[in-house]
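Asks: First the structure, which I've put down as structure tokens, then a few questions once you've had a look.
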Amino acid sequence: MTDSNSHNGHVILIGAGPGDVGLLTLKGKDWLSRADVIIYDYLVNSNMLRFADDSAELIYVGKKGGHATLTQNKINELLVQKARPDKIVVRLKGGDPFIFGRGGEEIQALKEAGIRFSVVPGIPSPVGVSAYAGIPLTHRDHASTISIITGSNEAEQEDVKIDWDKIAARTGTLVFLMGARKLPRIVEQLIKYNKSPDTPVAVIQWGTTSRQRTWTGTLRTIVDIAMKEKIKPPTLTIIGEVVNLKPVTDWYETLPLFGKTIVITRAEAQAESFIYRLEERGAEALLYSTIKTVPPEDWSPLDHALEKLSTYDGIIFTSVNGVRFFTQRLREKNKDIRELKGVRVYAIGPKTEQAVRDLHIKVDTVPENYVAESLIESMGKENVNGKKFLLPRAAVAREILPGTLREMGASIDVVPTYQTISPKPSDTSFLQRLDEGAVDVITFTSSSTVTNFLDRLDQEHHAKLNNTAIACIGPVTQKTAEDHGLKVSIVPDEYTVEALASAIETHFTG
């Protein structure tokens with residue numbers, strides 16, 4: 439970290455790792471959440487941008503297959519420019535900034551401009567991609583050294599920068615980065631300098647993501663394989679005897695949802711647990727939030743209810759969001775949770791129940807099924823006639839619960855505790871994947887996610903949903919999807935995201 443004057447900001451170069459969002463470091467995630475500006479490359483998984491604050495400025499600078507949206511000099515200038523007004527600027531780079539990431543050049547520019555900088559290392563692609571391909575770079579019986587070489591040197595620079603004779607003579611593992619287009623040249627030079635044509639080779643494309651593919655061969659055969667398979671960047675090439683260990687040490691490509699891209703449409707703030715459930719099964723979870731929870735337009739109905747909490751016979755929570763915003767407002771009004779003493783508490787679903795229990799409040803009734811109809815059935819076994827209930831919920835919701843309770847003789851105050859809105863899409867990668875036919879499942883966890891999602895799509899993209907499996911968390915969401923013309927093929931028996939992830943796995947594996 440360098441010294442700076444008080445008028446300049448702080449630039450943090452962060453290695454995003456090879457692709458899997460889970461490989462981002464904790465320090466990198468922390469800086470992303472604090473950044474005013476994030477400048478990121480093509481090889482950065484855009485799902486990482488969910489860790490950014492809503493107010494952060496996101497700037498894409500490309501660097502795809504050797505072609506940059508901005509030149510390196512322009513990127514250097516941009517870093518300085520954005521940091522000048524005393525801002526925190528994150529430069530998010532694939533892999534590690536200091537391993538063929540041109541991080542050194544960017545820091546030189548920052549140093550010359552007097553801009554404070556820090557570096558957060560990332561998992562280098564040779565380490566991450568080889569591990570996900572099931573190929574150890576070293577092994578006691580096969581390789582005790584590793585050589586990491588760029589495969590993207592210009593032809594006129596290559597012979598000056600790469601000592602092919604010395605590299606070919608090495609007995610350890612050779613790793614070539616960014617070498618898809620130069621693979622014939624790499625193979626030619628190694629064989630020219632007496633590397634055995636029978637040396638094992640692996641080419642890994644889109645390593646650590648659901649699009650990962652691995653081809654194996656030898657120096658003699660790999661170029662023909664690459665041409666036949668039309669292998670394109672980004673790739674990493676591993677050359678050496680360790681490649682033969684893949685059948686034994688493979689793990690990622692054997693996971694049940696490996697190779698599947700699954701779109702999550704639920705609120706970003708609630709997506710993490712679902713994302714992890716899918717990723718641990720080998721899927722790529724592509725976040726495309728179509729819903730966001732925010733405070734209600736008017737707090738006064740809830741405020742009025744909070745003033746008379748002890749007068750209610752029961753309070754009904756239908757979602758985690760209801761619990762969260764209710765508690766938030768309770769604290770803002772300096773009210774005490776103990777005022778619920780003696781008030782019967784109802785919760786729909788285990789997540790809602792747990793959110794209430796986290797407040798050290800006993801939950802009296804949780805219905806067998808996690809829908810309003812099941813709660814009505816449970817409450818029907820009680821004598822609710824003449825009882826008074828509070829229902830803090832979304833501003834727009836189904837009326838079956840309050841309507842039926844009133845028919846049963848109860849009095850119920852329905853108060854908007856939060857509202858849902860459709861956030862502006864911050865990422866276009868979902869539509870690109872849909873255009874490519876590379877989306878396997880689209881998931882919906884509420885009726886609002888369905889309607890907001892479909893409102894975003896034009897007719898052309900709507901038609902492409904016919905080739906994609908639709909998964910819904912429960913029958914209410916399923917009905918909304920089907921009412922809008924979607925064919926739903928996955929619905930779990932239990933209406934939770936954990937069960938939904940399991941149902942998706944079963945759909946593909948039987």
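So the sequence shown is numbered by the numbering used here: it starts at 439 and just counts up by one. By construction, the Cβ of each residue, glycine as well, lies at the ideal position given by its N, Cα and C atoms. These numbers were taken from a predicted model, which means no experiment stands behind them.
(1) Using 8 Å as the threshold, is the C-beta distance between glycine 645 and tyrosine 570 below it?
(2) Can you give me the C-alpha to C-alpha distance between isoleucine 586 and arginine 608, rounded to a whole angstrom?
(3) How is the alpha helix (DSSP H) around glycine 818 delimited, first residue to last?
(4) Which residues in the same chain have their Cβ closer than 6 Å to the Cβ of leucine 924, if we skip the five residues on either side of it in sequence?
(5) Residues in the same chain with beta-carbon distance under 7 Å from phenylalanine 763, minus the five sequence neighbours each way, listed in chain order, please.
(6) Output yes or no for whether 8 Å exceeds the beta carbon distance between valine 804 and arginine 795.
(7) With a 10 Å radius around its C-beta and 16 neighbouring C-beta atoms as the bar for buried, classify aspartate 601 as buried or exposed.
(8) Is it the case that the Cβ atoms of arginine 415 and threonine 883 are separated by a distance below 8 Å?
(9) Identify the continuous beta strand (DSSP E) that holds tryptophan 653 and give its terminal residues.
(10) Spatial neighbours of lysine 771 within its chain, please: CB distance less than 7 Å, with the 5 preceding and 5 following residues excluded, ordered by chain position.
(11) Kindly indicate which residue of Gln519, Lys520, Leu839, Ile561 has the alpha-carbon position closest to the one of glycine 455.
(12) In terms of DSSP beta bridges, what is glutamate 722 paired with?
(13) Between glutamate 495 and histidine 900, what straight-line distance do the alpha-carbon atoms span, to the nearest angstrom?
(14) I'd like the list of long-range same chain contacts for valine 929, defined as Cβ closer than 8 Å, with 5 residues on each side in sequence excluded.
(15) Please identify the residue among Val879, Leu548, Trp737 whose C-alpha is closest to the C-alpha of glutamine 766.
(16) What number of angstroms, rounded off, separates the C-alpha of glycine 500 from the C-alpha of threonine 507?
(17) Is glutamine 519 buried or exposed, if buried means 16 or more other CB atoms sit within 10 Å of its CB?
(18) Let's test the definition: count the other Cβ atoms within 10 Å of the Cβ of threonine 749 and tell me whether it reaches 16, buried, or not, exposed.
(19) Under the three-state reduction of DSSP, which class applies to glutamate 837: helix, strand or coil?
(20) Beta-carbon separation of leucine 530 and valine 449 under 8 Å?
(21) Are the Cβ atoms of valine 528 and leucine 575 separated by less than 8 Å?
(22) Taking isoleucine 660 as part of the alpha helix (DSSP H), name the residues at either end of that continuous run.
(23) How many angstroms separate the CA atom of glutamine 643 from the CA atom of glycine 533?
(24) Sorted by chain position, which residues of the same chain lie with C-beta nearer than 7 Å to leucine 938's C-beta, five sequence neighbours on each side aside?
Replies: Considering the structure as presented:
(1) At a Cβ-Cβ threshold of 8 Å, glycine 645 and tyrosine 570 count as neighbours.
(2) Annotation: isoleucine 586 to arginine 608 spans about 12 Å, alpha carbon to alpha carbon.
(3) Per DSSP, glycine 818 belongs to the alpha helix (DSSP H) from 810-818.
(4) Only Ile908 meet the Cβ criterion.
(5) Contacts found: Pro733, Thr855, Tyr856.
(6) Contact: no.
(7) Using a 10 angstroms sphere on the CB of aspartate 601, the tally of other CB atoms stays under 16, which defines it as exposed.
(8) The chain is shown from 439 up to 948; residue 415 falls before or after that span and cannot be answered.
(9) Here the beta strand (DSSP E) through tryptophan 653 covers 651-656.
(10) Cβ neighbours of lysine 771 beyond the five flanking positions: Asp741, Leu744.
(11) Nearest Cα to glycine 455 within the set Gln519, Lys520, Leu839, Ile561: Ile561.
(12) Answer is Thr699, bridged to glutamate 722.
(13) The C-alpha of histidine 900 is placed about 30 Å away from the C-alpha of glutamate 495.
(14) Sequence-distant Cβ neighbours of valine 929 in its own chain, meaning closer than 8 Å and more than five residues away, are Ala909, Cys910, Ile911, Gly912, Pro913, Gln916, Ala941.
(15) Ranking Val879, Leu548, Trp737 by Cα distance to glutamine 766 puts Trp737 first.
(16) Distance between the alpha carbons of glycine 500 and threonine 507 is about 5 Å.
(17) Exposed, by the Cβ-count rule.
(18) Burial state of threonine 749 is exposed, judged by a 10 Å Cβ sphere holding fewer than 16 other Cβ atoms.
(19) DSSP places glutamate 837 in coil when its eight states are reduced to three.
(20) Contact flag unset, no.
(21) No, these two residues do not count as a Cβ contact at 8 Å.
(22) Isoleucine 660 -> alpha helix (DSSP H) spans 660-667.
(23) So the two alpha carbons sit approximately 14 Å from each other.
(24) Take leucine 938, set aside five residues on each side of it, and the residues of its chain with a beta-carbon closer than 7 Å to its own are Thr881, Ala909, Ile911, Pro930, in chain order.
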